[in-house]
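Q: The structure is given below, and queries will be raised subsequently.
Numbering (UniProt numbering), first residue to last: 1 to 78.
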């Protein structure tokens, strides 16, 4: 049972870490490209927000899998 809880914690932690790195890279590239071509800023911002929404799905899926492990798999692991 302990290994299931540990694996759920690792899933959530790595998902949060990867999302943080992804948001940092995404924001940095937005600033870079906006500085190069300011006239494209609205289009780039829209695309960045769409990508941020997709990127935000990663930790949500991880939390769902972790909750499944904790509440379904762990009690039956005995």
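Every residue, glycine too, gets a C-beta built ideally from N, C-alpha and C.
None of the values given here were measured: they were computed from a predicted structure.
Do you know whose CA, among 60, 72, 73 and 77, lies nearest residue 13's CA?
A: Of 60, 72, 73 and 77, the residue nearest in Cα terms is 60.
Q: Going by the beta-carbon positions, is the gap between residue 19 and residue 58 smaller than 8 Å?
A: Contact flag set, yes.
Q: Touch check for the stretch 66-75 and the stretch 1-8: three-plus C-beta pairs under 8 Å?
A: Verdict: yes, contact present.
Q: Grab the span of the alpha helix (DSSP H) containing residue 69 for me, first residue to last.
A: First-last for residue 69: undefined, no H or E at that position.
Q: Report yes if the C-beta distance between residue 21 and residue 62 is below 8 Å; otherwise report no.
A: No, Cβ-Cβ distance for residue 21 and residue 62 is not below 8 Å.
Q: Can you give me the C-alpha to C-alpha distance between residue 9 and residue 39, rounded to a whole angstrom?
A: Approximately 44 Å, taken between the alpha carbons.
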